[in-house]
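Participant: This is the structure I want to talk about, given as structure tokens.
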Amino acid sequence: LLIGRSESRSLPAEGGAIEHLLTLTVVSRFQGAEEAKAAAAAIRSRLGDAPPGADGIRIASLGVRFTDVWRSPTGPRTYAVMRVRAVTEEI
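Residues 5 to 95, numbered by this note's numbering, are exactly what the sequence shown covers, in order.
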């Protein structure tokens, strides 16, 4: 699992909430897409089980915006790219 691009920005219309966007990439050497799809499903499931917050922060929204799975045209790798969105608020 590779953690890629990350963005954070204020959402003034939401009363001081912060939107976080994170790109996650799964790289599988298994022949076929099954392993990459299974890893993406496991990540999605774990996000659903995430605690509702941390010290001083509440997660108002958390989810996967999209998942794209494809096989590399140049080798035996399969990729799954996920874009995760979280909105946090101070409590």
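Idealized CB from N, CA, C, for every residue including glycine.
1) Which partner residues of G57 appear in the DSSP bridge assignment?
2) Mind checking which residues open and close the beta strand (DSSP E) that includes L15?
3) Per DSSP, what kind of secondary structure is G52 in: helix, strand or coil?
4) So which of T29, P16, L15, I95 has the shortest CA-CA distance to A58?
5) CB Y83 to CB A40, shorter than 9 Å?
6) To the nearest angstrom, how far is it from the Cα of S12 to the Cα of I22?
7) With a cut-off of 8 Å on the beta carbons, I'd call E93 and A64 a contact; round off their distance for me.
Facilitator: Taking the geometry as given:
1) G57 pairs with R62.
2) DSSP places L15 inside the beta strand (DSSP E), whose first and last residues are 6-15.
3) Secondary structure of G52 (DSSP, three-state): helix.
4) The option with the nearest alpha carbon to A58 is I95.
5) Going by beta carbons, Y83 and A40 fall inside the 9 Å limit.
6) C-alpha separation (whole angstroms): 7 Å.
7) Confirmed, Cβ separation roughly 5 Å.
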